[in-house]
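Chains as they are written, first to last, in our numbering: chain A, 13 to 233; chain B, 13 to 233.
Before any comments, here is the structure.
Number of protein chains: 2
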Amino acid sequence: MQKYTVPAQSDDKTGTRGRGRPRAFDRETALAEATRLFWAKGYEATSISDLTEAMKIGSPSLYAAFGSKDALYAEALDYYRRNYDAFVWANFLTAPTAREAIGALLTDSAAALTGYVADIPCGCMVTLSAVGSEGHPELGDLVRTARASTFDRVKARLDRAVAEGEIPDSTDVHALARYIQTVQNGMSILARDGADCAELRSVADVAMLSWDRYTSLATRS
Amino acid sequence: MQKYTVPAQSDDKTGTRGRGRPRAFDRETALAEATRLFWAKGYEATSISDLTEAMKIGSPSLYAAFGSKDALYAEALDYYRRNYDAFVWANFLTAPTAREAIGALLTDSAAALTGYVADIPCGCMVTLSAVGSEGHPELGDLVRTARASTFDRVKARLDRAVAEGEIPDSTDVHALARYIQTVQNGMSILARDGADCAELRSVADVAMLSWDRYTSLATRS
DNA sequence: GACTTTATATATCGATCGATGCAAAAATAT
DNA sequence: ATATTTTTGCATCGATCGATATATAAAGTC
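As structure tokens, then:
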């Protein structure tokens with residue numbers, strides 16, 4: 013049922029000026045290339061020409077397979093989530109305590125955002141996306157929702173920690189979750205500007221000191 | 013010596029189809045409008061048409077006065093620095109202790125980045141600028157340098173605090189400064205997504221707990 | 001092997017991009 | 001007043017934007 017297959021390259025060294033259908037393309041591979049391009053350059057700065065060159069297809073194929081630039085970007089965001097979120101969230105989700113979960117989130121973010129774990133662009137595609145500032149309200153909502161999911165996941169974990177008695181009942185989990193989100197967001201910008209993994213790790217270490225202090229305060233106004 | 017003046021509006025309700033020179037413009041006012049537009053929408057998403065409309069001038073006037081879109085953006089960055097940096101840095105620079113300086117920086121950032129102190133776009137123009145990701149290396153260097161200045165100012169203040177004995181000699185001021193920079197950067201992204209001043213203030217409060225903990229550790233490996 | 005379907009490359013669309021030539025009108029000088 | 005300079009609005013430039021029409025070659029069907 014898959015519509016786009018790659019038929020063993022069908023060597024197009026024929027003298028016929030390449031017209032028609034000399035080569036098919038793999039949709040997922042093309043989407044991967046588009047994702048990297050959007051990730052590295054952003055939505056506005058990435059043109060259809062850039063995309064077709066990187067995806068090694070013509071623009072009609074792009075539009076037939078993805079519909080529009082907007083729709084392609086939306087699919088790229090989903091591809092990013094499916095393939096790269098685990099780098100940051102895997103250990104968070106399995107950590108036994110909230111402290112270890114948050115620590116893992118920041119530590120793994122330091123590694124992932126600096127390209128330390130794989131050959132990927134620096135910084136988070138979602139965090140650094142400027143889409144939606146004007147002219148693309150739907151995509152703007154999409155990336156804002158994606159950014160909010162970081163907060164939601166962290167806050168849910170903190171709520172659980174309160175329920176389990178790991179941290180005091182009086183803890184302002186909303187403020188603490190916002191703080192974690194802030195630190196992780198900030199790490200993306202530093203990573204984009206060239207900060208390395210060790211530097212972001214030290215930031216994560218310092219950030220966790222607030223956790224210790226905050227969760228050890230028995231009562232708050 | 014000023015080249016662009018505004019001659020009391022020279023009411024152009026004349027029947028003559030407005031050709032020629034019906035109105036002069038104030039360069040600084042036009043630059044202010046351009047700055048707001050670049051600030052709110054970013055470099056790529058802001059077109060010359062957007063600019064000329066907001067600045068209420070024709071494109072030839074824009075190019076005569078500023079040279080190019082790149083040059084205008086560079087001037088807008090400078091205008092931003094001249095007019096809005098004080099919101100964030102004024103109390104930092106005059107605070108007697110490093111702790112108060114850092115606290116003021118984060119607190120004032122919370123207010124400034126959310127438009128609490130003036131009718132300005134949310135988030136830092138420099139921090140959120142995606143310029144330089146491709147095609148504009150010179151502007152990219154400019155904004156990266158501007159972003160680095162935050163770190164430089166913070167680190168200089170921390171070095172002074174060490175020299176004055178406010179914080180221990182063994183403090184890793186580089187890591188601490190990077191941490192502060194990270195938090196402030198992250199606040200810009202939250203502000204762009206609609207976080208309000210109170211929320212960012214609570215983030216600043218949590219962030220300062222790391223300061224207290226970090227600077228009270230007598231020895232470090 | 002001839003016919004139909006599918007998906008591609010070429011070429012190009014109208015719109016808009018950043019950037020200018022030109023003529024007219026305000027400001028200035030004489 | 002007249003001439004010169006300055007600076008604008010109008011019109012438009014070539015290039016590129018996102019998106020398509022058309023023609024052609026591969027794959028599928030019989």
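Just so it is clear, CB atoms sit at the ideal spot from N, CA and C, and this is done for glycine as well.
Predicted model, so just to flag it, every value in this text is computed and none were measured.
Next on the checklist: Rounded to the nearest angstrom, what separates Tyr-91(A) and Gly-152(A) at their Cα positions?
Outcome noted: By 1-based counting over the first sequence, the position of residue 91(A) is 79. By 1-based counting over the first sequence, the position of residue 152(A) is 140. Rounded to the nearest angstrom, the two C-alpha atoms are 17 angstroms apart.
Checklist entry - Can you find a CB in chain A that lies within less than 8 angstroms of the CB of Ile-201(B)? => result If you number the second sequence from 1, residue 201(B) lands on position 189. Output row for Ile-201(B): interface = yes.
Next on the checklist: I'd like to know whether the C-beta of Gly-235(A) is nearer than 8 angstroms to at least one C-beta of chain B.
Outcome noted: Because chain A is modelled from 13 through 233, residue 235(A) falls outside the range shown and cannot be assessed.
Checklist entry - Alpha carbon to alpha carbon, how far is Leu-125(A) from Phe-37(B)? => result Mapped onto the first sequence, residue 125(A) falls at position 113. Mapped onto the second sequence, residue 37(B) falls at position 25. Looking at the two C-alpha atoms, the distance is approximately 46 angstroms.
Item to check | Cβ neighbours of Met-199(A) in the same chain (closer than 7 angstroms, five flanking residues each side left out) | outcome: One-based indexing of the first sequence puts residue 199(A) at position 187. Once the five neighbours on either side are set aside, the close Cβ partners of Met-199(A) are Ser-121, Ala-122, Leu-125, Leu-212, Val-215.
Checklist entry - Using a beta-carbon distance below 8 angstroms, is Lys-81(A) in contact with chain B? => result Residue mapping note: residue 81(A) aligns to position 69 of the first sequence, counting from 1. It does not; no Cβ of chain B falls within 8 angstroms.
Next on the checklist: Counting only Cβ-Cβ distances shorter than 9 angstroms, please list the residues of the stretch 51 to 83 of chain A near chain B, keeping chain order.
Outcome noted: Ala-52, Lys-53, Gly-54, Tyr-55, Glu-56, Ala-57, Thr-58, Asp-62
Next on the checklist: Is there a C-beta anywhere in chain B that falls below 8 angstroms from the one on Asp-153(A)?
Outcome noted: Counting from one through the first sequence, the residue named residue 153(A) turns up at place 141. No - not a single Cβ of chain B is within 8 angstroms of the one on Asp-153(A).
Next on the checklist: Since Ala-110(A) and Ala-173(A) should fall inside the 8 angstroms C-beta cutoff, what is the C-beta to C-beta distance between them, to a whole number of angstroms?
Outcome noted: Counting from one through the first sequence, the residue named residue 110(A) turns up at place 98. Counting from one through the first sequence, the residue named residue 173(A) turns up at place 161. Indeed, because the Cβ distance is near 3 angstroms, the residues count as touching under 8 angstroms.
Item to check | Contact with chain A by Val-218(B), beta-carbon distance below 8 angstroms | outcome: Within the second sequence, residue 218(B) is the residue found at index 206, counting from 1. It does; some Cβ of chain A falls within 8 angstroms.
Item to check | Under 8 angstroms by beta carbon: chain A residues contacting Asp-224(B) | outcome: If you number the second sequence from 1, residue 224(B) lands on position 212. Under the 8 angstroms cutoff, chain A gives Arg-225.
Item to check | DSSP state of Tyr-55(A) mapped onto helix, strand, coil | outcome: Here residue 55(A) is taken as the residue at index 43 of the first sequence, counted from 1. The answer is coil: DSSP assigns Tyr-55(A) none of H, G, I, E or B.
Item to check | Pairwise C-alpha distance: Ala-189(B) and Glu-178(B) | outcome: The residue given as residue 178(B) occupies position 166 in the second sequence. The residue given as residue 189(B) occupies position 177 in the second sequence. Their backbone Cα atoms lie some 15 angstroms apart in a straight line.
Checklist entry - What is the DSSP secondary structure of Thr-126(A), counted as helix, strand or coil? => result By 1-based counting over the first sequence, the position of residue 126(A) is 114. In this structure, Thr-126(A) counts as coil in the three-state DSSP scheme.
Next on the checklist: Please list the terminal residues of the continuous alpha helix (DSSP H) segment that includes Phe-104(A).
Outcome noted: Here residue 104(A) is taken as the residue at index 92 of the first sequence, counted from 1. Looking at the DSSP string, the run of the alpha helix (DSSP H) that includes Phe-104(A) is 81 to 106.
Checklist entry - Going along chain A, which residues have a C-beta under 8 angstroms from Asp-205(B)? => result As a first step, residue 205(B) must be located in the second sequence, where it is residue number 193. The answer, in chain order, is Arg-156, Arg-159, Ala-160.
Checklist entry - If you measure from the beta carbon of Ala-142(B) to each beta carbon in chain A, is any gap under 8 angstroms? => result Taking the second sequence and counting its residues from 1, the one referred to as residue 142(B) is at position 130. It does: the Cβ of Ala-142(B) has a partner Cβ on chain A nearer than 8 angstroms.
Next on the checklist: At the level of alpha carbons, what is the spacing between Met-220(A) and Asp-217(B)?
Outcome noted: Sequence index remark: in the first sequence, residue 220(A) carries index 208 (1-based). Sequence index remark: in the second sequence, residue 217(B) carries index 205 (1-based). Taking the straight line joining both Cα atoms gives about 14 angstroms.
Item to check | alpha helix (DSSP H) segments (min. 4 residues) lying fully within the stretch 152 to 216 of chain A | outcome: 185 to 204
Checklist entry - Can you name the start and end residues of the alpha helix (DSSP H) that Pro-72(A) belongs to? => result Your numbering for residue 72(A) matches position 60 in the first sequence. Its alpha helix (DSSP H) spans residues 71 to 78.
Item to check | 6 angstroms CB neighbourhood of Val-129(B) in its chain, flanking five on each side removed | outcome: What you label residue 129(B) is simply residue 117 of the second sequence in a count that begins at 1. Counting only Cβ-Cβ distances below 6 angstroms, and skipping sequence neighbours, we find Phe-99, Ala-123.
Checklist entry - Helix, strand or coil: how does DSSP classify Ile-132(B) here? => result Numbered from its first residue, the second sequence carries residue 132(B) at position 120. Coil at Ile-132(B), not helix or strand.
Item to check | Pick from Cys-136(B), Ile-201(B), Thr-227(B), Ser-222(B) that is closest to Asp-181(B), judged by C-alpha positions | outcome: Here residue 181(B) corresponds to residue number 169 of the second sequence, with the count starting at 1. Comparing Cα positions, the closest option is Thr-227(B).
Checklist entry - For the stretch 160 to 171 of chain A against the stretch 157 to 173 of chain B, are there 3 or more C-beta pairs whose distance is under 8 angstroms? => result no
Item to check | chain A residues whose Cβ lies nearer than 7 angstroms to that of Ala-107(B) | outcome: By one-based count along the second sequence, residue 107(B) stands at place 95. The premise fails here: Ala-107(B) is roughly 20 angstroms from chain A at the closest Cβ pair, so nothing lies under 7 angstroms.
Next on the checklist: Rounding to the nearest angstrom, what Cα-Cα distance links Thr-231(B) and Ala-187(B) in this structure?
Outcome noted: Residue 231(B) sits at position 219 when you count from the first residue of the second sequence. Residue 187(B) sits at position 175 when you count from the first residue of the second sequence. Low per-residue confidence applies at Thr-231(B): pLDDT is 43, beneath 50, and the placement is therefore not dependable enough to give any value.
Checklist entry - Expressed to the nearest angstrom, what Euclidean distance is found between the alpha-carbon atoms of Ala-52(B) and Ile-60(B)? => result Here residue 52(B) refers to the residue found at position 40 of the second sequence. Here residue 60(B) refers to the residue found at position 48 of the second sequence. Cα to Cα, the separation comes out at about 15 angstroms.
Checklist entry - How about Val-155(A) and Leu-170(A): are their beta carbons less than 8 angstroms apart? => result Along the first sequence, read from residue 1 onward, the residue named residue 155(A) stands at position 143. Along the first sequence, read from residue 1 onward, the residue named residue 170(A) stands at position 158. No, these two residues do not count as a Cβ contact at 8 angstroms.
Checklist entry - What is the DSSP secondary structure of Ala-110(A), reduced to helix, strand or coil? => result Start at 1 with the first residue of the first sequence, and residue 110(A) comes out as number 98. The answer is helix: DSSP assigns Ala-110(A) an H, G or I state.
Checklist entry - Can the beta-carbon of Asp-224(B) be found closer than 8 angstroms to that of Arg-94(A)? => result Residue mapping note: residue 224(B) aligns to position 212 of the second sequence, counting from 1. Residue mapping note: residue 94(A) aligns to position 82 of the first sequence, counting from 1. Result no, Cβ atoms of Asp-224(B) and Arg-94(A) do not sit closer than 8 angstroms.
Checklist entry - Given Ala-66(A), which residues of its chain have a CB within under 6 angstroms of its CB, disregarding the five upstream and five downstream residues? => result To locate residue 66(A), count along the first sequence from 1; it is residue 54. Result list for Ala-66(A): Glu-45, Leu-49, in chain order.
Checklist entry - Nearest-angstrom Cα distance between Ala-42(B) and Met-137(B)? => result In the second sequence, counting from the first residue as 1, residue 42(B) sits at position 30. In the second sequence, counting from the first residue as 1, residue 137(B) sits at position 125. Each residue's Cα considered, the two are about 17 angstroms apart.
Checklist entry - Apart from the five residues on each side of it in sequence, which residues of its chain come closer than 7 angstroms, Cβ to Cβ, to Ala-210(B)? => result Reading the second sequence from its first residue, position 198 is the one you call residue 210(B). Nothing listed; no residue qualifies.
Next on the checklist: Are the CB atoms of Cys-134(A) and Ala-57(A) within a distance shorter than 8 angstroms?
Outcome noted: One-based indexing of the first sequence puts residue 57(A) at position 45. One-based indexing of the first sequence puts residue 134(A) at position 122. In this structure, Cys-134(A) does not lie closer than 8 angstroms to Ala-57(A) by Cβ.
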